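Engineer: Here the protein sequences line up with chains W and D, keeping their order. In this text, residue positions in the first sequence follow numbering that gives the first Met the number 0: the first is 0, and each later residue adds one. In this text, residue positions in the second sequence follow numbering that gives the first Met the number 0: the first is 0, and each later residue adds one.
Number of protein chains: 2
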Amino acid sequence: MAQIRDVSKLAGVSPATVSRAFSDPGKLSAGTLKKVLAAAEELNYKPSSLAQLFRVKRTNTVLVMVPDIANVLFARVVSGIERIAADNGYNLLVIDTKDNKDVESAGIEMVETYRADGVIQLGERALRWLHRDAEKCTIPFVHAIGTGLDEAYPTVTINNQAAAESMANYLLSLGHRKIGVLAGIKGRLVTQHRLDGFRAAMNAFGVTLDEGLVEYGAYSLSGGAQSAQRLLSRRRDATALLAMSDEIAIGAIRTAQDLGLRLPEDLSITGFDNIEFGKYCEPPLTTVMQPAERIGEVAMTLMCGVLRDELQGEIHPLLPTELVIRKSVCRVEEPA
Amino acid sequence: MAQIRDVSKLAGVSPATVSRAFSDPGKLSAGTLKKVLAAAEELNYKPSSLAQLFRVKRTNTVLVMVPDIANVLFARVVSGIERIAADNGYNLLVIDTKDNKDVESAGIEMVETYRADGVIQLGERALRWLHRDAEKCTIPFVHAIGTGLDEAYPTVTINNQAAAESMANYLLSLGHRKIGVLAGIKGRLVTQHRLDGFRAAMNAFGVTLDEGLVEYGAYSLSGGAQSAQRLLSRRRDATALLAMSDEIAIGAIRTAQDLGLRLPEDLSITGFDNIEFGKYCEPPLTTVMQPAERIGEVAMTLMCGVLRDELQGEIHPLLPTELVIRKSVCRVEEPA
DNA sequence: CAATCCAATGAAAACGGTTTCATGACAAGA
DNA sequence: TCTTGTCATGAAACCGTTTTCATTGGATTG
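In structure tokens form, the structure reads like this:
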């Protein structure tokens with residue numbers, strides 16, 4: 000590969016001039032610029048990013064840490080991040096953390112050792128706190144699909160509590176009182192918040208949450224199928240199941256159907272996220288829309304702000320969710 | 000951030016020694032090593048990747064170009080790539096090409112300008128050929144989920160023709176003769192190959208493909224729904240629909256159900272890929288398994304081979320597929 | 001004991017750009 | 001005409017490592 004020196008020689012100018020021809024063409028006279036560009040073209044010269052980045056000590060790269068890249072929701076968020084990153088000339092380094100603490104903390108190191116300018120983390124834990132000296136950890140950091148709204152770093156997520164509450168309200172308004180909950184993973188804050196929202200809605204309706212009707216499990220199809228299996232084999236009095244993700248819901252639908260239940264007549268089921276598959280289920284899934292791509296876009300936009308040191312506006316945006324009513328829920332006859 | 004010079008001063012050695020303490024500790028005497036490590040620890044020194052990489056002219060990074068990162072199948076392949084990359088100390092730069100030629104050709108430039116050591120491309124077009132001088136384009140390149148088996152660079156994919164053929168055979172063996180095809184995008188080679196396999200199977204059974212029964216469309220849920228809509232509104236004599244992806248199939252199931260068809264009694268439907276959702280459909284989808292994660296793993300393994308210049312063995316592996324029989328297909332009564 | 005060899009280390013030259021600072025030419029203003 | 005300012009350009013320092021090559025002292029060999 001040709002180097003700047005080769006070009007400068009061929010064009011009869013200094014390396015500095017060649018450098019300027021690429022980084023700040025306005026600084027050169029028209030004649031020199033043309034000469035340099037011609038020489039560069041002839042030698043097929045392209046500045047080495049490695050050398051450039053090393054010199055300016057920026058990588059133009061942001062690291063995205065995903066708990067599971069194969070998960071539909073996360074993949075959509077990444078897609079949104081990617082779009083904005085591309086628009087702003089950033090590259091994306093993607094790491095699938097597999098929920099593993101060690102690889103998460105490696106992320107910080109990547110910024111400290113200049114492999115990335117900042118990190119966007121998706122999901123529960125804010126890896127920032129894994130740093131041995133969290134208070135002093137000042138790397139550019141954005142947390143998406145998480146929960147820490149009171150943190151110093153930007154976060155972008157939805158109001159999980161309110162979203163769950165609105166879904167519960169919908170169910171309640173249709174007469175459901177015995178509502179089972181297919182919760183996600185037990186310790187998770189998201190799970191907690193959504194459960195809180197559910198509880199709040201129930202309380203407002205004067206009914207208290209029956210702990211026997213909540214079942215925890217993985218945020219996945221099989222997790223949903225299993226949770227539903229456990230719940231349904233224990234309790235058959237629920238008229239509706241509120242699942243904490245569409246995947247859980249779809250898994251539950253499978254189980255319910257295998258158990259011979261008619262949906263939604265015998266059992267209403269609701270999801271959360273609004274992934275595309277929900278629309279194609281049988282019955283089509285009633286759910287709450289979470290703007291996944293948008294979350295990614297906003298997260299990356301915030302990251303751009305941080306990196307350019309011109310962050311402005313809300314740094315804890317709460318993106319709007321929306322009830323998506325399809326056919327997996329029906330009215331339940333009020334007991335006489 | 001502390002630099003090598005700071006550490007060397009504190010430890011009372013030369014920068015070279017500090018460098019060796021990290022890159023090749025065996026070269027140092029036990030005493031010096033301990034001294035250096037202690038000094039580094041005290042200053043919280045970590046070598047700057049940027050400087051290291053610049054010096055050695057490698058990035059330890061491979062670029063992955065995905066047509067659509069939010070697509071379930073591609074996301075799984077990326078997941079496989081990621082696993083192997085992590086195991087081998089490589090980072091992954093991910094670009095969502097959106098099927099856009101311009102961003103695809105930018106990928107080559109990223110290698111030429113030292114932003115990545117090589118590129119793995121997923122999907123149809125081998126971007127390598129976008130290079131202005133393809134023959135001379137010698138960047139490390141691996142093509143996955145593509146088709147060019149005769150190329151000079153490694154490829155990893157499945158035998159699309161054989162896979163489609165086996166599915167068609169299965170359908171034929173159950174008595175189906177009027178089989179509709181929900182093909183993917185028309186120009187695509189994958190589509191072509193799968194169609195070839197289908198045609199071969201039909202011919203072997205002595206029935207010729209009815210062109211009126213093939214419908215092209217996007218490889219997506221909505222694409223499948225629309226293709227099915229078009230096909231079914233035109234022709235109602237098909238007893239089975241062979242879809243070229245699970246998403247197409249699931250979209251078609253929705254359409255068929257909306258049309259009031261009972262599945263599989265009135266219409267059998269088959270998919271392709273074996274994404275997880277297929278298992279949870281109603282009816283559960285009969286499909287052909289494509290080992291997505293494995294494809295990713297193999298692709299990255301090949302890339303490691305190329306980068307280390309020790310490529311050995313088959314460079315055009317054809318990964319095994321497998322018929323996954325569930326419930327979306329039933330036997331059709333032979334006409335008397 | 002002298003001659004060799006080896007292991008441990010340091011000095012300094014890369015790596016390929018960017019950027020600062022100096023210089024010279026030329027135009028405008030006094 | 002002399003001064004001042006501006007613009008285009010070049011020389012050289014610099015970014016933080018790695019790596020080559022030279023040096024030293026101690027161990028090994030004949």
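In this text, a Cβ means the ideal position worked out from N, Cα and C, and glycines have one as well. Predicted, not measured: the structure shown is a model, and the values here were computed from it.
Is there a C-beta anywhere in chain D that falls below 8 Å from the one on S327 of chain W?
Structural biologist: No, S327 of chain W lies away from the interface with chain D (no Cβ there is under 8 Å from its Cβ).
Engineer: At least one CB of chain D closer than 8 Å to the CB of P24 of chain W: is that the case?
Structural biologist: No, P24 of chain W does not count as interfacial toward chain D.
Engineer: Considering N90 of chain D, what are the terminal residues of the beta strand (DSSP E) in which it resides?
Structural biologist: Note, N90 of chain D: beta strand (DSSP E), N90 to D95.
Engineer: Per DSSP, which residues does E321 of chain D bridge with? Please list them.
Structural biologist: Its beta-bridge partners are D:M288.
Engineer: Quick one: what's F140 of chain D bridged to in DSSP?
Structural biologist: F140 of chain D pairs with D:V118.
Engineer: How close, in whole Å, do the beta carbons of S232 of chain D and L181 of chain D come, if the pair is a contact with beta carbons under 8 Å?
Structural biologist: That belief does not hold up - the Cβ atoms of S232 of chain D and L181 of chain D are roughly 14 Å apart, past 8 Å.
Engineer: If we define contact as Cβ-Cβ less than 8 Å, is F276 of chain W a contact residue for chain D?
Structural biologist: Chain D contact via Cβ: present.
Engineer: Which bits of chain W does K100 of chain D rub up against, with CB to CB less than 9 Å?
Structural biologist: Result: empty, since nearest Cβ-Cβ is about 15 Å, beyond 9 Å.
Engineer: Tell me the rounded alpha-carbon separation between I249 of chain D and Q51 of chain W.
Structural biologist: About 49 Å.
Engineer: For G304 of chain W, which beta-bridge partners are listed by DSSP?
Structural biologist: In DSSP, G304 of chain W forms no bridge with anything.
Engineer: Ignore the nearest five residues each way along the sequence and tell me which others in Q228 of chain W's own chain have a CB closer than 6 Å to its CB.
Structural biologist: The residues are T254.
Engineer: Going by C-alpha distance, which of W:S7, W:P153, W:K34 and W:Y218 is nearest D98 of chain W?
Structural biologist: Out of W:S7, W:P153, W:K34 and W:Y218, W:Y218 has the C-alpha closest to the C-alpha of D98 of chain W.
Engineer: Quick one: Cα of S18 of chain D to Cα of V35 of chain D, how far?
Structural biologist: Distance between the alpha carbons of S18 of chain D and V35 of chain D is about 10 Å.
Engineer: Can you list, in chain order, the residues of the region 35-62 of chain W whose Cβ is nearer than 8 Å to any Cβ on chain D?
Structural biologist: The residues in question are K45, P46, S47, S48, L49, A50, L52, F53, K56, T58 and T60.
Engineer: Alpha carbon to alpha carbon, how far is I247 of chain D from C280 of chain W?
Structural biologist: Cα to Cα, the separation comes out at about 13 Å.
Engineer: Run down chain W in chain order and give the residues with a C-beta less than 9 Å from the C-beta of E108 of chain D.
Structural biologist: By Cβ distance, chain W contributes K45.
Engineer: Under 8 Å by Cβ, that's how I've got V328 of chain W and N273 of chain W pegged, so tell me the actual separation to the nearest angstrom.
Structural biologist: Contact flag wrong, Cβ pair sits at about 14 Å.
Engineer: Considering only C-alpha positions, which residue in the set D:A20, D:E292, D:F21 and D:V118 is nearest to N59 of chain D?
Structural biologist: N59 of chain D has its Cα closest to that of D:V118, out of D:A20, D:E292, D:F21 and D:V118.
Engineer: Is the Cβ of L220 of chain W closer than 8 Å to any Cβ of chain D?
Structural biologist: Yes - at least one Cβ of chain D is within 8 Å of the one on L220 of chain W.
Engineer: Rounded to whole angstroms, what is the Cα-Cα separation between T137 of chain W and P319 of chain D?
Structural biologist: When rounded, the distance between both Cα atoms is 48 Å.
Engineer: Is it right to say E41 of chain W is buried, meaning 16 or more other beta carbons lie within 10 angstroms of its own, or is it exposed?
Structural biologist: Exposed.
Engineer: With DSSP as the reference, please indicate the residues paired to L72 of chain D in a beta bridge.
Structural biologist: DSSP, once it has assigned bridges, lists no residue as partnering L72 of chain D.
Engineer: For the region 60-72 of chain W against the region 22-38 of chain W, do three or more pairs of beta-carbon atoms, one drawn from each stretch, fall closer than 8 Å, so that the two count as touching?
Structural biologist: In short, these stretches do not touch, since the Cβ pair count stays below three.
Engineer: Since I274 of chain W is in the beta strand (DSSP E), which residue starts that stretch and which ends it?
Structural biologist: No beta strand (DSSP E) holds I274 of chain W; DSSP gives it neither H nor E.
Engineer: Check whether the Cβ of S353 of chain W lies closer than 8 Å to any Cβ atom in chain D.
Structural biologist: Lying outside 0 to 335, the shown extent of chain W, residue 353 of chain W is not represented and no answer is given.
Engineer: So, do the region 157-168 of chain D and the region 184-195 of chain D have three or more beta carbon pairs nearer to each other than 8 Å?
Structural biologist: They touch, by the three-pair rule.
Engineer: What residues from the region 290-321 of chain W come within 7 Å of chain D, judged by C-beta to C-beta, listed N to C?
Structural biologist: For the region 290-321 of chain W, which is checked against every Cβ of chain D, not one residue is closer than 7 Å.
Engineer: In the region 224-255 of chain W, which residues sit with their C-beta less than 8 Å from some C-beta in chain D, listed in chain order?
Structural biologist: So the close ones are A224, I249, G250, I252 and R253.
Engineer: Under the three-state reduction of DSSP, which class applies to M64 of chain D: helix, strand or coil?
Structural biologist: Of the three classes helix, strand and coil, the one that applies to M64 of chain D here is strand, per DSSP.
Engineer: Is it buried or exposed, M0 of chain D, if we count other Cβ atoms within 10 angstroms and call 16 or more buried?
Structural biologist: Under this definition M0 of chain D is an exposed residue.
Engineer: Please list the terminal residues of the continuous beta strand (DSSP E) segment that includes S267 of chain D.
Structural biologist: Unbroken beta strand (DSSP E) run through S267 of chain D: S267 to T269.
Engineer: Taking the DSSP output, what are the residues bridged to L240 of chain W?
Structural biologist: Looking at the DSSP assignment, L240 of chain W forms a beta bridge with W:G179 and W:I268.
Engineer: Counting only beta-carbon separations shorter than 8 Å, does A335 of chain W have a partner in chain D?
Structural biologist: Here the model assigns A335 of chain W a pLDDT of 42, short of 50, so the residue's position is not dependable, and the following value carries that caveat. By this cut-off, A335 of chain W is not an interface position.
Engineer: Please work out which residues of its chain come closer than 6 Å, Cβ to Cβ, to A200 of chain D, disregarding the five sequence neighbours upstream and downstream, and give them in chain order.
Structural biologist: Around A200 of chain D: E164, A167 and N168.
Engineer: Determine the direct distance from the alpha carbon of I184 of chain W to that of K326 of chain W, and round the result to whole angstroms.
Structural biologist: Rounded to whole angstroms, K326 of chain W to I184 of chain W spans 26 Å at the Cα level.
Engineer: Taking only the alpha-carbon atoms, compute the straight-line gap between I420 of chain D and K100 of chain W and give it to the nearest angstrom.
Structural biologist: Here chain D comprises residues numbered 0 to 335, so residue 420 of chain D is not present and cannot be evaluated.
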